[in-house]
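Residue numbers (my numbering): 33 to 125. Shown next, in structure tokens, is the structure this report addresses.
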Amino acid sequence: MSIIARHLMILGRVQGVFYRNWTVETANSLHLAGWVRNRMDGSVEILVEGSTEAVDQFIAFAHDGPPAARVARIEISEIAPEGLSSFSKRPTA
């Protein structure tokens, strides 16, 4: 199985709506590694890595996020996998 990684910037109403907690739960359920953090500009930043199928499924879910979120758009960049073994919440940057 090949491992891929993506860097996501989630824009819209995504802070104060449990988006980070939702991200951790969703990533763990898909057996993905990476991290999530709020950004000072109001966006949410995510690094996610795992199988192509799981990463693609996570990105599809991220367009909706938790019920209170209103995702306007997602900026996606391909990046090299970092070899992470778990998914965590990081401090705001």
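For glycine and all other residues, C-beta sits at the position ideal for the given N, C-alpha and C.
Beta-carbon proximity check, residue i vs residue j, cutoff 9 Å
{"i": "Leu116", "j": "Gly66", "result": "yes"}
{"i": "Leu40", "j": "Ala94", "result": "yes"}
{"i": "Pro113", "j": "Ala37", "result": "yes"}
{"i": "Val87", "j": "Val76", "result": "no"}
{"i": "Thr55", "j": "Gly97", "result": "yes"}
Local conformation of residue i per DSSP, three classes
{"i": "Glu114", "result": "coil"}
{"i": "Arg122", "result": "coil"}
Cut-off 6 Å between Cβ atoms - residues of its own chain near residue i, not counting five sequence neighbours on either side
{"i": "Ala104", "result": "Leu43, Gly44"}
{"i": "Leu79", "result": "His39, Gly66, Trp67"}
Own chain partners of residue i with C-beta closer than 8 Å, once the 5 adjacent residues on each side are dropped
{"i": "Thr84", "result": "Ser34, Ile36"}
{"i": "Thr124", "result": "Arg69, Asn70, Arg71, Met72"}
Segments of 4+ residues assigned as alpha helix (DSSP H) that fall wholly inside the region 83-107: 84-94
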